[in-house]
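First comes the structure, then the notes that go with it.
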Amino acid sequence: MYTNFESAWQGLYSSTIAFLPHLLMALVILLIGYIVAKILQSLVYKLLVVAKFDNAMVSSPAGSMIQRAINSPTIFTAKLVFWLVFLGGLSAALARLQIASLDSILATIYGYMPHVVASVVIFLVASAASGAAVNLIKRILGNSALASTVSSVAPALIMSIAVFMILNELMIAPEIVSITYTAIIGAVALGLALAFGLGGKDVAAKLLEQAYESGKKKAKSKK
């Protein structure tokens, strides 16, 4: 019995001694990953502050939606960079420990991270696109009533499509999201068709005429 206990203890001691170099290396990798992540976070934050990223996002037509979701887009983006880099360091550190269960958990997390990044990119691109759409509409249609209407609807439409794209990218109830998106687009198309079919043609013609005249005046004033 004593022999069995001694052999078990020696086995545990040997395993611990063999594991220590891996643990120390993992801690070093984790520390390096943390330092690099912090440096990149600080760098990204400073670059976005210089570029006035917060002002650009908040002043866009989707600014109110952005402010509700994120207090500061600059801080959010910098923190996102930190966590992406730090998770890379954590993954490398845990891989050094050679623990299969931890590797599988990290593989699952890393498999989902590209979807999170893509969702953030979709949101930022949609915000920029909604702002660009408003400027383009006002430039083409001038100060007409149609320009006011379209410039109000376009950002909401762009951001609505972006929300559905984000939900689909994050794989949140994809079937329900697809059905709801199709139903909403169909309802909007049907509503527009009914509006024009039930006497909206004259109003639309008048709005287009106003927009055309406004565009002509704007073009002449530039000459």
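Mapping the sequence shown onto the working numbering, position 203 (from 1) lands on 205, and the numbers just tick up by one. Just so it is clear, CB atoms sit at the ideal spot from N, CA and C, and this is done for glycine as well.
Check: Applying the 10 Å Cβ sphere with the 16-neighbour rule, what's the burial state of GLU177?; Outcome: exposed
Check: Short check: CB of SER25 to CB of LEU99, under 8 Å?; Outcome: The question names Ser, but residue 25 in the sequence shown is Leu. Cβ distance < 8 Å, so LEU25 and LEU99 count as in contact.
Check: Give the secondary structure of ALA53 by DSSP, where H, G and I count as helix, E and B as strand, and everything else as coil.; Outcome: coil
Check: Does GLY113 pass the burial test, meaning 16 or more other C-beta atoms within 10 Å, or should it be called exposed?; Outcome: exposed
Check: What would DSSP say about SER74, mapped onto helix, strand or coil?; Outcome: coil
Check: Under the three-state reduction of DSSP, which class applies to SER61: helix, strand or coil?; Outcome: coil
Check: THR110 to VAL119, Cα distance in whole Å?; Outcome: 15 Å
Check: Could you tell me whether the Cβ atoms of ALA94 and ASP105 are closer together than 8 Å?; Outcome: no
Check: Suppose the cutoff is 8 Å on Cβ atoms and the five residues either side in sequence are ignored; what does the same chain contact list for PHE55 look like?; Outcome: PRO75, THR76, THR79
Check: Between which residues of its own chain and HIS117 is the CB-CB distance below 6 Å, once the five residues before and five after are set aside?; Outcome: GLU171, LEU172
Check: Apart from the five residues on each side of it in sequence, which residues of its chain come closer than 8 Å, Cβ to Cβ, to LEU92?; Outcome: LEU32, GLY35, LEU108
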